[in-house]
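Visitor: One structure, pasted below without further comment.
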Amino acid sequence: GESVGLHLPTLSVQEGDNSIINCAYSNSASDYFIWYKQESGKGPQFIIDIRSNMDKRQGQRVTVLLNKTVKHLSLQIAATQPGDSAVYFCAETGDSNYQLIWGAGTKLIIKP
Amino acid sequence: NAGVTQTPKFQVLKTGQSMTLQCAQDMNHNSMYWYRQDPGMGLRLIYYSASEGTTDKGEVPNGYNVSRLNKREFSLRLESAAPSQTSVYFCASSDAGQGDQPQHFGDGTRLSIL
C-alpha cells in the first residue's frame, strides 16, 4: 500500500550543528510534499513544502531536498537551536490533494 | 491571528456517551479536515470536506460523523464513544482545491473515553 516512512524515529543533535531528517515515500504519483513540525501539546505546524518539479527549496534555516529517483525527501535544519526540539513529519499528496499520506514522525532532540 | 480554533481542548467521556467536537477557521479556506493522532503515531484522516456542502470519508471514518456547517465550521461527532476512540483530534483547513497548498492545523482536542 501507499506509505511514507522515516528512517530514524529519534535524532539527537548538538546545539549549533545541522540536522538532517529523512523520509522515504512509495507513491511515485505524489507531486507535492510537506514538512511539518509538532511541538508537545500542539498541532502540526507547516515548515516548508516542495513540488515534484523541484529538487531543492530553501526557507529560513531550513532546506528540503527531493530525490524522485530514489523516492527520498529530506529536511535540513541549519544551526539547530533548542526551539527546534519537536517531532517532524513528512507528508505527501499521493493520489489526492485532500488525503495526505503521513509518515510516523522523527523526534529531534537538541543536546546542549 | 486565530487560524484554526478547536473546542473543547480536553474532554473525558464515558463509554456510550455522545460528543461533538467543534472547529472553525478564519482563513477563508475551502477545505477542512478531521484527523486523529494516537500516541507516538502520525495523523490519520477521519473525514474531510473538500468544499462547503460536501464531505468524504478518510482512512478511519467508522464511529464518526461530520457536518460542514458553513465555510468556516466543520464539526466531528461521536455518537456512541468507545475506549478505542481515545485520542487527540486535530482539525485542519487548506485551499487544496486551488492547487498544492499546505494544511493548517488547530492545537487539538484531547479526548479520553473511560
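Read top to bottom, the protein sequences are chains A and B. The first sequence begins at 890 in the numbering used here and counts up one residue at a time. The second sequence begins at -9 in the numbering used here and counts up one residue at a time. Quick reminder that beta carbons are idealized off the backbone N, C-alpha and C, glycines included.
Please report whether the beta-carbon of A86 (chain B) lies at a distance below 9 Å from any beta-carbon of chain A.
Guide: Chain A, which has a Cβ nearer than 9 Å to the Cβ of A86 (chain B), makes this yes.
Visitor: Leaving out the 5 sequence neighbours to the left and right, which residues in its chain are closer than 8 Å to E904 (chain A) when beta-carbon positions are compared?
Guide: So the qualifying residues of the chain are T969, Q970, P971, I999, K1000, P1001.
Visitor: Contact defined as beta carbons within less than 8 Å: I believe H94 (chain B) pairs with G(-7) (chain B). What is the distance between those atoms, to the nearest angstrom?
Guide: The Cβ separation is near 6 Å, so the contact holds.
Visitor: When the cut-off is 9 Å and only beta carbons count, does T982 (chain A) lie next to chain B?
Guide: Yes - at least one Cβ of chain B is within 9 Å of the one on T982 (chain A).
Visitor: In three-state DSSP terms, what is S74 (chain B)?
Guide: S74 (chain B) falls in the helix class under three-state DSSP.
Visitor: Using a Cβ-Cβ cut-off of 9 Å, state whether N911 (chain A) counts as contacting chain B.
Guide: Cβ-Cβ to chain B under 9 Å: no for N911 (chain A).
Visitor: Is the Cβ of L35 (chain B) closer than 9 Å to any Cβ of chain A?
Guide: Cβ-Cβ to chain A under 9 Å: yes for L35 (chain B).
Visitor: If you pair each beta-carbon of the stretch 909 to 923 of chain A with each one of the stretch 980 to 991 of chain A, do three or more pairs fall below 8 Å?
Guide: Yes, the stretch 909 to 923 of chain A touches the stretch 980 to 991 of chain A.
Visitor: For chain B, find out if any of its Cβ atoms is closer than 9 Å to the Cβ of N1013 (chain A); answer yes or no.
Guide: Absent from the model: residue 1013 (chain A). The displayed extent of chain A is 890 to 1001, so no value can be given.
Visitor: Closest by CA to Y925 (chain A), which one among A:M943, A:I910, A:N916?
Guide: Y925 (chain A) has its Cα closest to that of A:I910, out of A:M943, A:I910, A:N916.
Visitor: Roughly how many angstroms lie between the CA atoms of N986 (chain A) and V902 (chain A), to the nearest whole one?
Guide: Cα to Cα, N986 (chain A) sits roughly 33 Å from V902 (chain A).
Visitor: For the beta strand (DSSP E) holding Y38 (chain B), just list the boundary residues, first then last.
Guide: Run containing Y38 (chain B): 33 to 39, per the beta strand (DSSP E) assignment.
Visitor: Could you tell me which chain B residues have their CB closer than 7 Å to the CB of A993 (chain A), listed as they occur along the chain?
Guide: Simply M31, G32.
Visitor: What separation, rounded to the nearest whole angstrom, lies between the Cα atoms of Y914 (chain A) and F978 (chain A)?
Guide: The straight-line gap from Cα to Cα measures roughly 12 Å.
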